[in-house]
Amino acid sequence: MEHDRALNLLSLARKGGNLQLGEENTGAACRAGKARLILVASDAAENTYHRARTFSHGGRTTFIRVPYSKEQLGLACGRAVCAMAALTDAALALAFVRALGQPEKHEALLADLEARTARIQKRRREERAHQTNRKHGKK
Numbered sequence: 000m001e002h003d004r005a006l007n008l009l010s011l012a013r014k015g016g017n018l019q020l021g022e023e024n025t026g027a028a029c030r031a032g033k034a035r036l037i038l039v040a041s042d043a044a045e046n047t048y049h050r051a052r053t054f055s056h057g058g059r060t061t062f063i064r065v066p067y068s069k070e071q072l073g074l075a076c077g078r079a080v081c082a083m084a085a086l087t088d089a090a091l092a093l094a095f096v097r098a099l100g101q102p103e104k105h106e107a108l109l110a111d112l113e114a115r116t117a118r119i120q121k122r123r124r125e126e127r128a129h130q131t132n133r134k135h136g137k138k
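Residues 0 to 138 (numbering that gives the first Met the number 0) are what the sequence shown spells out, left to right.
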């Protein structure tokens, strides 16, 4: 049941434009600094796994081998098959990893995503405050 929730989150991410599908789009998202989490299917080729690792060495992206086959991942993403995908929203990536369960297995990844999400939320609050100050003057 937990895994169904994780797959539902992928479907929502796709509909919201926060999911890049395939090796080429994932690589482009990583190079642009937009990818937050790379997902690799459990039955993906070893070459695909190594490509994901190469993409993640850019610094801001981590990768995880998910417990889903290419067909399961593809179905959740609106395709027949999908071996690699990238979540571009940190909060969605955090929710996805939490939905996978096994927090002890993904402890470091969860801590990293929680820190990134907190930084992004702080930046958004500061930006809203800045816009309010520009519009109404500082109080």
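Backbone N, C-alpha and C fix where the C-beta goes; we use that ideal spot for every residue, glycine too.
All of these numbers come straight from a predicted model, not from anything done at the bench.
Buried or exposed for residue i, going by 16 or more other Cβ atoms inside 10 Å?
i: residue 122; result: exposed
i: residue 3; result: exposed
i: residue 130; result: exposed
i: residue 50; result: buried
May I ask you to report which of helix, strand or coil DSSP gives residue i?
i: residue 96; result: helix
i: residue 25; result: helix
i: residue 103; result: coil
i: residue 78; result: coil
i: residue 56; result: coil
i: residue 121; result: helix
i: residue 136; result: coil
i: residue 69; result: helix
From the DSSP output, read off the bridge partner residues of residue i.
i: residue 19; result: 85
i: residue 64; result: 39
Throw me the rounded Cβ distance for the residue i and residue j pair, which I believe falls under 8 Å.
i: residue 83; j: residue 22; result: 5 Å
i: residue 53; j: residue 35; result: That pair is no contact at about 17 Å.
i: residue 93; j: residue 116; result: 5 Å
Inset, instruction - Answer yes if the segment 97-110 comes into contact with the segment 9-20, meaning at least three C-beta pairs across the two stretches below 8 Å, and no otherwise. - result: no
Legend entry - Any 3 or more C-beta pairs closer than 8 Å across the segment 22-31 and the segment 91-102: no
Inset, instruction - Examine the Cβ distances between the segment 60-75 and the segment 33-40 and report whether three or more of them are shorter than 8 Å. - result: yes
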